[in-house]
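Below you'll find the structure, written out as structure tokens, and then a few comments.
There are 2 protein chains.
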Amino acid sequence: MQSRITDLFEIDFPIISGGMVWCSGWELAAAVSNAGGLGLIGAGSMTPEVLREHIIKCREKTPYNFGVNVPLMRPQAAELMEVIAEQKVPIVFTSAGSPKKWTGWLHEHKIKVAHVVSSSAFAAKCEAAGVDAVVAEGFEAGGHNGKEETTTMCLIPAVRRATNLPLIAAGGIATGSAMLAAEAMGADGIQMGTLFALTQESSAHENFKRLCLNLDEGDTKLYFRKLSPTRLAKNGFQALVQEAEDRGASGDELLELIGIGKTKVGIFDGDVENGEIEIGQVTALLKGREIETVAQVMERIIDEYYYFRQDLINQAMEEIPSRRTLR
Amino acid sequence: MQSRITDLFEIDFPIISGGMVWCSGWELAAAVSNAGGLGLIGAGSMTPEVLREHIIKCREKTPYNFGVNVPLMRPQAAELMEVIAEQKVPIVFTSAGSPKKWTGWLHEHKIKVAHVVSSSAFAAKCEAAGVDAVVAEGFEAGGHNGKEETTTMCLIPAVRRATNLPLIAAGGIATGSAMLAAEAMGADGIQMGTLFALTQESSAHENFKRLCLNLDEGDTKLYFRKLSPTRLAKNGFQALVQEAEDRGASGDELLELIGIGKTKVGIFDGDVENGEIEIGQVTALLKGREIETVAQVMERIIDEYYYFRQDLINQAMEEIPSRRTLR
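As they're listed, the protein sequences go chains A and B. If you're matching positions, the first sequence starts at 1 in this note's numbering and goes up one per residue. If you're matching positions, the second sequence starts at 328 in this note's numbering and goes up one per residue.
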């Protein structure tokens with residue numbers, strides 16, 4: 001399944017697993033890479049020492065390329081980058097900051113760079129900063145979101161027009177048909193978070209996975225617009241946030257609510273009632289499923305992709321070749 | 328361009344123009360039908376007498392099928408339906424209410440029915456109620472939105488699974504590539520609002536069209552969640568709403584803000600600073616364009632669709648026929 005993304009990252013399928021906090025450890029990254037995609041380790045919830053361990057274990061588990069996701073606003077971002085370079089990780093995905101900051105340094109260390117954007121203007125900035133690929137992530141994605149709230153359907157065509165870079169679509173993708181849809185709009189590959197966060201190999205707590213695999217449409221919403229927009233699943237913590245926002249709580253009051261480590265409490269420790277549960281809208285599409293392995297999930301997505309694509313091709317072949325003229 | 332939607336409505340291209348308040352008069356509906364799609368008259372902003380005039384004028388202007396959109400919560404919904412039946416309009420799109428209420432009656436009058444949904448559960452209800460097609464409309468659409476805030480990318484695969492009915496995708500579609508994406512996810516046709524609202528034939532005020540053709544990503548947001556979620560473009564009125572919601576205004580306080588006829592003020596009368604401006608997120612993709620005719624817009628979309636589809640087919644043809652096995 002060749003594309004500019006499979007070429008760039010030397011992978012078989014243009015499928016990347018997002019580097020999500022508390023979910024994307026060495027096991028998940030290695031499983032995705034072993035299945036033919038690109039696994040990312042999520043450094044957002046790791047100290048430099050923990051990250052080093054995960055990179056080493058990941059390398060033991062897979063002979064294929066994998067990468068690390070670094071949210072640039074992290075206090076220890078520089079130390080994380082040092083570990084990545086020291087360990088000769090070949091690919092880094094950056095987000096939550098300027099692509100100009102680290103791209104040059106990463107390239108000096110022979111590391112390929114993709115940057116996550118939520119607007120076409122920012123995608124153009126990424127191209128100017130010299131990144132190798134952009135990830136265009138829509139409103140439906142779990143966790144931190146862009147202020148524009150632009151959905152994947154509106155964002156991909158806009159970013160496709162704004163840049164010639166290899167383009168990875170993210171947000172709301174969990175089926176082969178959505179993968180095909182992203183390609184139809186000009187994407188060269190896809191990144192998925194939710195689908196992989198809820199696999200066996202994800203390092204999230206089982207309670208988190210079971211909760212998310214039981215959510216309905218409408219059970220995730222965007223909060224904290226006064227601070228940094230974040231998609232949360234409904235639970236006790238979210239109810240407190242909803243109530244606070246409904247009565248007009250200020251940014252400072254909301255900051256108190258968040259506290260430190262609430263995502264760890266929810267996603268990693270398994271207190272799904274009081275912790276912060278970050279997951280994408282698309283979780284509703286997975287409702288009722290078992291917690292599957294990465295291999296099962298990859299096989300299904302790829303099968304579906306080929307099935308829907310063949311359907312599209314058959315439709316096209318059946319049409320009368322001459323284009324219908326407008327009346 | 329045959330599909331279950333072109334068959335159902337006897338049209339050339341599976342493209343429907345949404346029946347939007349203040350925009351979708353007889354001119355727009357007739358132009359879309361004359362261009363090979365299905366034009367809808369938006370009865371939401373019409374009295375029964377005004378609707379009758381529009382239907383008669385539309386019929387004079389186009390020999391092809393057109394329909395009427397009726398928001399069921401409208402006070403005069405029953406009278407609107409009587410006019411539609413009296414005038415032998417062949418197609419009705421209903422929204423904002425139960426599909427069980429009017430579907431039987433419309434069918435008795437040999438009128439085909441499509442119902443607008445924002446969730447897969449509601450789509451299943453529509454199938455049970457006997458509608459002929461469902462419109463699945465995502466979060467990115469202008470105006471009234473579903474409470475779930477599910478995006479088109481997440482909604483279409485979910486609705487496709489929930490019902491076998493002919494499926495029309497709506498919300499965030501304004502290019503041939505997005506039209507192809509909707510088809511990739513199993514939709515049988517598309518409905519577009521924003522794109523058609525900003526054409527010459529749209530009955531909206533030129534100020535509205537110019538404002539919307541100058542909006543950026545992030546310039547529309549969802550408001551009135553305490554009442555009925557509505558997507559508004561940024562302007563003076565929206566700023567008042569933002570301020571009120573930020574300080575926790577109640578539903579009643581917000582109702583006062585809305586007043587009566589604010590959408591008419593903005594969309595029809597052209598006071599784009601104080602009126603309510605309802606438009607979809609995808610307006611940002613049209614930024615900088617001239618106000619084009621329906622014929623120009625239809626030709627571009629169809630050209631783009633074929634272009635992107637051929638690209639997809641070429642990609643598929645170049646691949647090694649045997650499926651790559653997972654590692």
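Every residue, glycine too, gets a C-beta built ideally from N, C-alpha and C. Computed from a predicted model, the values in this text were never measured in an experiment.
Rounded to whole angstroms, A468/B and Q527/B show a C-alpha spacing of 21 Å.
Counting along the chain, H54/A sits inside no beta strand (DSSP E); it lies in the alpha helix (DSSP H) bounded by residues 48-61. Residues are counted here when their Cβ sits less than 7 Å from a Cβ of chain A; for the stretch 477-493 of chain B these are T477, T478, T479, M480, C481, P484, A485, given in chain order. Nearest Cα to M400/B within the set S372/B, K388/B, P390/B, H381/B: S372/B. With a cutoff of 9 Å on beta-carbon distance, L167/A and V134/A are scored as near each other. Going by beta carbons, L285/A and R488/B fall inside the 9 Å limit.
Runs of the beta strand (DSSP E) lying entirely within the stretch 53-121 of chain A, each at least 3 residues long, are 66-71, 91-95, 112-117 in chain order. For N641/B, the number of other beta carbons within 10 angstroms of its own is below 16, and it is reported as exposed.
Interface criterion not met: the Cβ of G19/A is under 9 Å from no Cβ in chain B. Exclusion of the five residues before and after A412/B leaves H436 as the residues of its chain whose Cβ lies within less than 6 Å of its Cβ. Contacts between K548/B and chain A, judged by CB atoms closer than 7 Å, involve E149 in chain order. The count of Cβ pairs closer than 8 Å, one atom from the stretch 277-284 of chain A and one from the stretch 596-608 of chain B, stays below three, leaving the stretches out of contact. Identification of chain A residues near T502/B by a Cβ-Cβ cut-off of 7 Å yields P157, ordered along the chain. The residue among A511/B, C385/B, A505/B with its C-alpha nearest the C-alpha of M519/B is A505/B. F336/B is outside the set of residues whose beta carbon lies under 9 Å from a beta carbon in chain A. Distance from the CA of G503/B to the CA of I342/B, rounded to the nearest whole angstrom, comes to 11 Å. A straight-line Cα-Cα distance of about 25 Å links T389/B and I500/B. Nearest to P556/B by C-alpha distance, out of T547/B, Q637/B, V410/B, is T547/B.
If only uninterrupted beta strand (DSSP E) runs of at least 3 residues are considered, those enclosed by the stretch 201-239 of chain A are 220-223, 230-233. By the Cβ criterion, the stretch 591-606 of chain B is in contact with the stretch 344-363 of chain B, since at least three pairs of Cβ atoms, one from each stretch, lie closer than 8 Å. Listed along chain A is no residue with a C-beta nearer than 9 Å to that of Q565/B; the closest approach is about 14 Å. Counting other Cβ atoms within 10 Å of its Cβ, M408/B reaches 16 or more and is therefore classed as buried. Within the DSSP secondary-structure output, Q518/B pairs in a beta bridge with I343/B, A497/B. With a threshold of 16 other beta carbon atoms within 10 Å, G236/A falls short and is exposed. Between the stretch 572-587 of chain B and the stretch 633-640 of chain B, the count of Cβ pairs shorter than 8 Å is below three; the stretches do not touch.
Beta-bridge analysis with DSSP links G465/B to no other residue.
For F551/B, the closest Cβ of chain A is not nearer than 9 Å. For G176/A, no beta strand (DSSP E) encloses it; the enclosing alpha helix (DSSP H) starts and ends at 176-184. The criterion of a C-beta distance shorter than 9 Å is not satisfied by H442/B and P417/B.
Chain B has no Cβ within less than 9 Å of the Cβ of D252/A.
For Q281/A, the nearest beta carbon of chain B is closer than 9 Å to its own beta carbon. Taking a beta-carbon distance threshold of 9 Å, Q2/A counts as an interface residue toward chain B. By the Cβ-count criterion, K439/B is buried, with 16 or more other Cβ atoms from all chains shown falling within 10 Å of its own Cβ. Distance between K101/A and K428/B, taken at the CA atoms: about 59 Å. Residue burial annotation: L554/B is exposed, with fewer than 16 other C-beta atoms found within 10 angstroms of its C-beta.
By the C-beta density criterion, N491/B is exposed, having fewer than 16 other C-beta atoms within 10 angstroms.
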